[in-house]
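Below is one structure, written out as structure tokens; comments come after it.
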Amino acid sequence: MPENLSSQLEEYLPPPVLALAKIAGKEGSELGQELYLVGGVVRDLFLGRANFDLDLVVEGDAIKLAQELAKNSRAKLTVHTRFGTAKLNYPGFSLDLATARSETYSKPGALPTVKPGSLKDDLIRRDFSINAMALCLTPHRFGALIDLYHGKDDLDNRLIRILHPNSFIDDATRILRAMRYEQRLGFKLEAETEKLLRRDVAMFDTISGDRIRHELELILKEAEPERVLRRAEELGVLSQLHPSLKGNGWLSQKFEQARQSYKQTSLPPLYLCLLIYNLTDKEDEEFILRLNFPKNSAQAMRYTLQLKAQLNSLANSKLKPSDIYKSLHSYTTPAIQTNALASESPIASQHLQLYIAKLRYVKTLLSGEDLKRMKIPAGPQIGEILSALHKARLNGEVRTRKEEKVLVYSWLKGNQVKPPAG
Ligand code: CTP
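Going by the numbering used here, the sequence shown opens with residue 18, and the numbers climb by one from there.
Okay, here's the thing in structure tokens:
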């Protein structure tokens with residue numbers, strides 16, 4: 018008799034999610050299709066970690082079942098006919114439905130050839146035993162655990178284990194995934210898995226930049242990505258992404274400081290710029306090219322190094338706020354934040370922090386329209402006056418509208434422009 022986890026499921030899932038899981042199981046049964054909860058959510062149920070974006074596998078036709086479920090609800094349905102998958106978005110959570118499938122790899126690192134299959138086929142194609150458990154949602158077997166690869170034992174023993182010796186060869190992104198789960202959960206790589214991982218690190222050469230980058234992005238979203246990067250260095254994985262990358266104590270310290278200084282959502286781009294901080298421009302370009310970074314990230318990484326090369330000029334305690342603003346306003350925020358964390362000069366760091374916390378928000382009180390109302394004719398002069406006002410405001414030389422107006426008149430006088438009549 019398989020273990021039954023229906024009472025744990027009832028406790029773990031929030032009531033609306035549980036109700037839906039039951040309805041889905043019943044609908045599936047009416048269509049003659051067995052339905053299973055699979056992957057991360059089963060793992061997290063055992064670990065007591067919240068995870069309510071449900072992955073469901075249907076032995077049958079996932080799209081048909083999703084369409085039935087969508088009929089009687091306000092969920093938004095998205096269908097991928099080519100992959101036999103569908104997504105239902107409910108307020109606050111989602112259901113991913115996939116048709117059970119088998120996968121074969123024509124060559125290492127290639128995207129797999131996929132065809133419909135059984136639950137068993139669908140589980141063996143997965144990365145690790147702890148991610149390859151399923152719970153049946155069909156009413157007559159509701160809560161039955163299917164654990165063909167002893168994922169529950171590995172959870173109890175805190176081990177990350179691949180399902181077959183060619184796993185990392187088939188898909189080397191699993192190397193990064195293994196370290197991500199290991200460090201997130203405080204587990205260990207099972208001994209044979211670690212041996213095979215070390216054997217197969219060079220298989221990264223078979224993986225596209227986009228796929229490696231996606232896994233790196235997932236790592237950078239973890240609560241403490243530095244742990245994964247440190248482990249990646251230890252296992253010889255980080256140097257496969259670029260030989261000059263380091264997951265060392267410096268990086269750990271800077272990541273920690275980043276968390277203390279900035280909010281969660283701004284951390285991933287910052288982590289990325291810290292990761293490349295000690296690369297040369299040439300190495301940075303090689304890394305950008307290999308992982309095919311999109312424009313935004315590539316720009317943040319380039320600006321980080323450009324600004325780093327200019328830090329000397331910011332390490333001068335005599336600079337006025339307007340000088341700091343002028344040096345920094347064309348850089349992107351992550352580049353400035355990264356340098357504020359990583360600069361070795363306390364003065365440069367202070368200036369960068371001042372810009373981030375204050376200077377970048379400084380605006381003049383008078384607008385171009387106000388100046389026109391003061392009878393200053395439209396044209397380049399308005400821009401020049403606004404930038405003189407902005408500079409004065411940055412330096413604290415004007416504080417009120419009245420003071421700004423006085424400055425406008427003295428600017429006109431100083432530039433030998435006759436103050437307008439009226
Ligand atoms: N999976 C896999 N191999 C991959 C990617 C995913 O076998 N290269 C499988 C795993 O079974 C995983 C499931 O697909 O549990 C869903 O993938 P994903 O959403 O990336 O993982 P979760 O475990 O749901 O989420 P997380 O990793 O953030 O906990």
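Ideal placement from N, C-alpha and C gives every residue a C-beta, glycine not left out.
>> Taking a contact to mean a Cβ-Cβ separation below 7 Å, would you say residue 240 touches residue 264 in this structure?
In response: Judged by beta-carbon spacing, residue 264 lies beyond the 7 Å limit of residue 240, meaning their Cβ atoms are not closer than that value.
>> Taking the beta carbon of residue 281 as the centre, do at least 16 other beta carbons fall within 10 Å, making it buried, or is it exposed?
In response: exposed
> If residue 200 sits next to residue 254, beta carbons under 8 Å apart, how far is it from one beta carbon to the other, in whole angstroms?
Replying inline: The Cβ separation is near 12 Å, so there is no contact.
> Taking the C-alpha atoms as reference points, what is the distance between residue 125 and residue 53?
Replying inline: One alpha carbon belongs to residue 125, the other to residue 53, and they sit about 29 Å apart.
> residue 312: which of 171, 349, 119 sits nearest, CA to CA?
Replying inline: Of the listed residues, the one whose Cα sits closest to residue 312 is 349.
>> When you compare the CB positions of residue 210 and residue 51, do they come within less than 7 Å of one another, or not?
In response: With respect to residue 51, residue 210 sits apart: the two C-beta atoms are not nearer than 7 Å.
> What are the uninterrupted segments assigned as alpha helix (DSSP H) that are 4 or more residues long and contained completely in the segment 364 to 424, given in chain order?
Replying inline: Uninterrupted alpha helix (DSSP H) stretches at least 4 residues long and entirely within the segment 364 to 424 occur at 385 to 390, 397 to 411, given in chain order.
> Span of the beta strand (DSSP E) holding residue 135?
Replying inline: Counting along the chain, residue 135 falls outside any beta strand (DSSP E), and DSSP gives it neither H nor E.
>> Looking only at its chain, what residues have a beta carbon closer than 6 Å to the beta carbon of residue 96, apart from the 5 residues adjacent to it on each side?
In response: 80, 103
> Over what stretch of residues does the beta strand (DSSP E) that includes residue 96 continue unbroken?
Replying inline: 93 to 97
>> For residue 131, list the residues DSSP reports as bridge partners.
In response: 120
> With distances taken from CA atoms, which of 405, 378, 374, 159 is nearest residue 388?
Replying inline: 405
>> Under 6 Å: does the beta carbon of residue 65 sit that close to some heavy atom of ligand 1?
In response: no
>> Just to confirm before moving on: does the CB-CB distance between residue 133 and residue 143 stay below 7 Å?
In response: no
> Would residue 56 be called buried (16 or more neighbouring beta carbons within 10 Å of its own) or exposed?
Replying inline: By the neighbour-count criterion, in which 16 or more other beta carbons inside 10 Å mark a residue as buried, residue 56 falls on the buried side.
> What did DSSP end up calling residue 429 once you bin it into helix, strand or coil?
Replying inline: helix
> Using the rule of at least 16 other Cβ atoms within 10 Å of the residue's Cβ for burial, across every protein chain shown, is residue 290 buried or exposed?
Replying inline: buried
>> In whole angstroms, give me the CA-to-CA distance for residue 430 and residue 407.
In response: 18 Å
> Within the present structure, is the beta-carbon of residue 56 separated from the nearest heavy atom of ligand 1 by less than 6 Å?
Replying inline: yes
> Going by beta carbon distance, what residues of the same chain come within less than 8 Å of residue 217, once the five residues before and after it are set aside?
Replying inline: 185, 186, 189, 192
>> Using the Cβ count rule (16 or more neighbours within 10 Å means buried), how would you classify residue 271?
In response: buried
> Considering residue 104, what are the terminal residues of the beta strand (DSSP E) in which it resides?
Replying inline: 102 to 107
> Distance, Cα to Cα, residue 207 vs residue 235?
Replying inline: Cα-Cα distance, rounded: 22 Å.
> Three-state secondary structure (DSSP) at residue 439?
Replying inline: The pLDDT assigned to residue 439 is 47, lower than 50, so where the model puts this residue is not dependable, and the model offers no usable value.
> Of the choices 397, 381, 131, 68, whose alpha-carbon is the least far from that of residue 421?
Replying inline: 381
> Under a three-way DSSP split, which group does residue 170 fall into?
Replying inline: Residue 170 falls in the helix class under three-state DSSP.
> Would you call the CB atoms of residue 243 and residue 214 closer than 7 Å?
Replying inline: It is not a contact, given that the beta carbons lie outside the stated cut-off.
> Taking just the CA atoms, how far does residue 396 sit from residue 439?
Replying inline: With a pLDDT of 47 at residue 439, under the threshold of 50, the modelled position of that residue is not reliable, and the figure given next carries that caveat. Looking at the two C-alpha atoms, the distance is approximately 20 Å.
> Quick one, are the C-beta atoms of residue 232 and residue 261 less than 7 Å apart?
Replying inline: no
> Based on Cα-Cα distance, which residue from 60, 71, 82, 30 lies nearest to residue 43?
Replying inline: Of the listed residues, the one whose Cα sits closest to residue 43 is 82.
> Mind checking whether the beta-carbon of residue 143 lies closer than 6 Å to any heavy atom of ligand 1?
Replying inline: Result yes, Cβ under 6 Å from ligand 1.
> CA-CA distance, residue 309 and residue 227?
Replying inline: For residue 309 and residue 227, the distance between alpha carbons rounds to 6 Å.
> In terms of residues, what are the limits of the beta strand (DSSP E) holding residue 53?
Replying inline: 51 to 55
> Measuring from the CB of residue 148, is there a heavy atom of ligand 1 at a distance below 6 Å?
Replying inline: yes
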